[in-house]
Each structure stands twice: as C-alpha cells, then as structure tokens.
DNA sequence: TGCTTAAAGCAAAGATCATTGCGTTTTGTT
DNA sequence: AACAAAACGCAATGATCTTTGCTTTAAGCA
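Protein chains in written order, with UniProt numbering: chain D, 1 to 187; chain C, 1 to 187.
See below:
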C-alpha cells in the first residue's frame, strides 16, 4: 500500500525500464487516455506489468511521481524584474498557463488522489514554496514591503490549483487578480 | 461516461434503493474503506450492482453525489454575529473542522477526480459562494467595508480546500489567519 | 573476472470488475 | 383497475486487473 523503497540499482536495464515507464505515462496522459492502468502503461513501455505492481502501490502513486519529476526538472526559472509586483504577476501567469493544460490537470488529480492521511505535504507544494521564497526574499532585500511565503502560497498558489481541481476557469486575468489581492494585504 | 438522467420515479422501491446506496456509501467512506467499487457498495446496500452501473458513470460520480447531498442538507447555517470579522472567522472555523474530517477528505478527493474538463464548477463551490454572499451582503448592509464574494472564495475557501487536498494541516488557527488576511485586503 | 543479489521477466491462477440481453417488479398515470 | 414505461434483478460472459512462485538477467562490487 505504501510506496516501495528507493531503487538501489539506478543504472543499466533498471534505468532504461524506468525511463520507458515514465515516457509511457507521459504519452498516455498527454493523449488524454481515460483508462490508465498498470497493464496499459506496461504494454506501451514494453515492460512486464509485474514490474509496476512490485514497485508502486497503485497507479496514482506512479502518476504523482511522474508529475513531480516533470515539474521538478527545472527549466522554468522564477522571474526577476526588479519589481515584486512584476515578479509575482509573471510567475503567477506562468503557473496559470502551465496548470491549465489538460495533462497537468490530470497529474493534479492524481496527486490529490495519491495523498494519504499519514503523509503530510507534497513535493510540488514545497517546490512552489521555494520559488515563492526566492521572489519574496529578493523583494525584501530591495526594501519593498512583501507578503510572507505562506501568504503567497495561500492566496496565489492555492486558489490557482483550487480552480484547476474544480474545473473553474484559469487565465492570466485571474492570476493577476490574485497577485493584486495578495499585495493589497501588505499595504 | 456522463451522468445518467435524473430519476423520474423518486418514490417507492426506487427511493428505498437510492437511500440504501447512499447509506452504503456513507458507511464505507466512514470506515475508511480503501476499495470502494460498485459491487462492494451494492452488496452492502443489498442491491444489484447492475443498478449502479446503469445509473452512475463511475464510482467517483456517485461519491460526489453523496458528498454534495451531505453538504447541502442544511443544518449548518452561516454565523450572524453583527461583525464581519466574527462572522467570517466562525464560518471559516466551522468549515475547517468539517473538511478536516477523514470522511470529508475522502469525498473531496472523489469530487476532484469526478470533475471533467467539459463541466465547469461544482455544487459545493456554489454552495460556499452562497454562504459567503450572505455574510458579505450583511456586512455591507451595516456599512462595513467587506471583500467581494470572489475574494472570500479565493482567499479563505480555496486555501482551506487546498490544504485538505494536499494533506497539509488544517486547524482553527489556520482558518483565522486566512480571515485576517482577506480582511487586510479591504483596509 | 567472478559473486551476490536486486530487479525484471514469465506464466498461471484467481479475483474483481464491467457489460449486456432479457425477464420481472412496480411506479406514476389514465 | 389497467396500462405503459421505468427501474430493478438475474445470469452469463468477457475483459481487465492483481497476485504469486519461480526463473532469468544483469547491475554493482570485491
């Protein structure tokens, strides 16, 4: 039921198999497949289903892992324009555009489903926290009044993800509104 | 795949069957059952599985229906203390305590999973919007400066649900903090 | 270059889910 | 009371899914 242990043999065949599985998941999610199961993922990856059953507790756990990997493999750096308002706005817009994509929505659902009561927090939220911290600290370094990291997470990130989770519209305008609101708190 | 049509025969046997199904779902969710499927629900309800397959698109759709019913059957009225700060705080605390319960968390996950791209919004959010509207309108009637309904939804409700969805801690203190933040916007 | 063993493959068996056609019950209406 | 349609039950069937024991491969290391 819980996640399996970390791989103690990351290279060679094991590595190739893992890559194939990740790729398979990515393709399936991208295509909007409605039935994503271990056997289906395994077939496309050219791998034996047993491997999946033995390594992950369930499909959502695997989906979450892939989602985190996709988000964590940096490519997106936080905006640094010299203005808190501008940094936050651009950052929020980037996130809004990103998570509004159908694949991301799918991953989001998987992450919510995969959460267990005993486990607190998730890598994605932590990642967003780090990014928020970066922006906030820079602003404070410039002497600008800035919200706390928690406030940014609660009032910009949370509403964005909430909208996606409940299929409510998410666009740049909405992202900008959230940033306006959170900045209004510190004035 | 989509939800079936509304029942055109609400009484008698059909009504009893529906009640039995709802009860069954409630019990299973309450017990924290990990495998909730149509056959399982049906057996406990003393009903034929076919009935479920024919009426609901999938398990999550049924779970969402039960969740909405549980929330909508009023019992909880919105606080009316004469002070916006007080009303919002108490209301947020009520919600926080409610959704922090394991059963509610389970329902929340189901609602997120049940959402489809083509469908926008959900009954629960609408319900919260009505409640927020009530509090906000009363405050304005008294001449108090008040946030918009959207602001309450984005900055109080969304963070609460977000925390629950990602297994982050949710308590009274957190609820109060959110209310403080949203009120700070309008000053 | 071997050795050890983690990790993957294979195959079989069982469990559960999901679908479908058809007959039966029963609701709501005339 | 009688009818038509809706809703449910039943049973058979096929499709997946899931688990398990055992074998084979090959990664990491001495």
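All C-beta atoms in this analysis are idealised placements derived from N, C-alpha and C, irrespective of residue type, glycine included.
Source: prediction; values computed, not measured.
Presumed contact (8 Å Cβ cut-off) between residue i and residue j, rounded CB distance
i, j, result
"residue 131 of chain C", "residue 78 of chain C", "5 Å"
"residue 36 of chain C", "residue 66 of chain C", "That belief does not hold up - the Cβ atoms of residue 36 of chain C and residue 66 of chain C are roughly 11 Å apart, past 8 Å."
"residue 47 of chain C", "residue 28 of chain C", "Wrong, their Cβ atoms sit about 14 Å apart, outside the cutoff."
"residue 147 of chain D", "residue 112 of chain D", "Between residue 112 of chain D and residue 147 of chain D the Cβ distance is about 26 Å, and since that is not below 8 Å, they are no contact."
"residue 133 of chain C", "residue 168 of chain D", "Not really, about 17 Å apart at Cβ, beyond 8 Å."
"residue 84 of chain D", "residue 161 of chain D", "Actually they do not touch by this definition, with Cβ atoms about 22 Å apart."
"residue 30 of chain D", "residue 103 of chain D", "5 Å"
"residue 33 of chain D", "residue 64 of chain D", "In fact, because the Cβ distance is near 17 Å, the residues do not count as touching under 8 Å."
"residue 165 of chain C", "residue 165 of chain D", "7 Å"
"residue 129 of chain D", "residue 149 of chain D", "6 Å"
"residue 50 of chain D", "residue 17 of chain D", "Not quite, the Cβ-Cβ distance comes to about 12 Å (not below 8 Å), so this is no contact."
"residue 187 of chain D", "residue 145 of chain D", "7 Å"
Beta carbon proximity, residue i to chain D, threshold 7 Å
i, result
"residue 33 of chain C", "no"
"residue 2 of chain C", "With a pLDDT of 37 at residue 2 of chain C, under the threshold of 50, the modelled position of this residue cannot be trusted; read the value that follows with caution. It does not; no Cβ of chain D falls within 7 Å."
"residue 38 of chain C", "no"
"residue 176 of chain C", "no"
"residue 107 of chain C", "no"
"residue 170 of chain C", "no"
"residue 81 of chain C", "no"
"residue 135 of chain C", "no"
"residue 125 of chain C", "yes"
"residue 7 of chain C", "no"
"residue 45 of chain C", "no"
"residue 87 of chain C", "no"
"residue 184 of chain C", "yes"
Contacts of residue i in chain D (Cβ-Cβ under 8 Å)
i, result
"residue 167 of chain C", "115, 116, 117, 119, 120, 121 and 122"
Contact set between residue i and chain C, taken where Cβ atoms lie within less than 7 Å
i, result
"residue 68 of chain D", "Near residue 68 of chain D there are no residues of chain C at all, since even the closest Cβ is about 12 Å away, more than 7 Å."
"residue 190 of chain D", "Residue 190 of chain D cannot be examined here, being either before or after the span of chain D that is shown, 1 to 187."
"residue 78 of chain D", "Under the 7 Å cutoff, chain C gives no residues; its nearest Cβ is about 21 Å from residue 78 of chain D."
Residue i versus the options, residue with shortest Cα-Cα distance
i, options, result
"residue 114 of chain D", "D:62, D:149 and D:155", "D:62"
"residue 56 of chain C", "C:98, C:145 and C:21", "C:21"
"residue 143 of chain C", "C:42, C:70 and C:82", "C:82"
"residue 151 of chain D", "D:165, D:99, D:163 and D:185", "D:185"
"residue 44 of chain D", "D:54, D:26 and D:53", "D:26"
"residue 163 of chain C", "C:180, C:187, C:145 and C:99", "C:99"
"residue 69 of chain C", "C:23, C:145 and C:92", "C:23"
"residue 135 of chain C", "C:53, C:14 and C:92", "C:92"
"residue 194 of chain D", "D:15, D:105, D:13 and D:14", "Only positions 1 to 187 of chain D appear in this structure, which leaves residue 194 of chain D out of reach."
Proximal residues of chain C, C-beta to C-beta of residue i below 9 Å
i, result
"residue 131 of chain D", "None at all; the shortest Cβ gap to chain C is about 16 Å."
"residue 98 of chain D", "Correct list: empty, because the minimum Cβ distance to chain C is about 16 Å."
"residue 145 of chain D", "Those within 9 Å of residue 145 of chain D in chain C number zero; the least Cβ separation is about 12 Å."
"residue 139 of chain D", "In chain order: nothing, as chain C lies at least about 18 Å away."
Chain-ordered neighbours of residue i on chain D, where CB pairs are closer than 7 Å
i, result
"residue 53 of chain C", "Per Cβ cutoff of 7 Å: no residues; residue 53 of chain C is ~16 Å from chain D at best."
Beta-carbon neighbours of residue i, restricted to chain C and to distances below 8 Å
i, result
"residue 151 of chain D", "181"
Cross-chain neighbours of residue i in chain D, by beta carbon under 9 Å
i, result
"residue 25 of chain C", "Under the 9 Å cutoff, chain D gives no residues; its nearest Cβ is about 17 Å from residue 25 of chain C."
"residue 102 of chain C", "117"
Any chain C beta carbon closer than 7 Å to residue i
i, result
"residue 58 of chain D", "no"
"residue 29 of chain D", "no"
"residue 17 of chain D", "no"
Discussion item. Check whether the segment 7-15 of chain C and the segment 171-181 of chain D touch, using three or more Cβ-Cβ pairs below 8 Å as the test.
Written reply: With fewer than three CB-CB distances shorter than 8 Å, the segment 7-15 of chain C does not count as touching the segment 171-181 of chain D.
Discussion item. Does the structure place the segment 84-95 of chain C close enough to the segment 139-146 of chain C that three or more beta carbon pairs sit under 8 Å?
Written reply: Contact holds: three or more Cβ-Cβ distances are below 8 Å.
Practice prompt. Examine the Cβ distances between the segment 150-164 of chain D and the segment 121-129 of chain D and report whether three or more of them are shorter than 8 Å.
Written response: Touching, yes.
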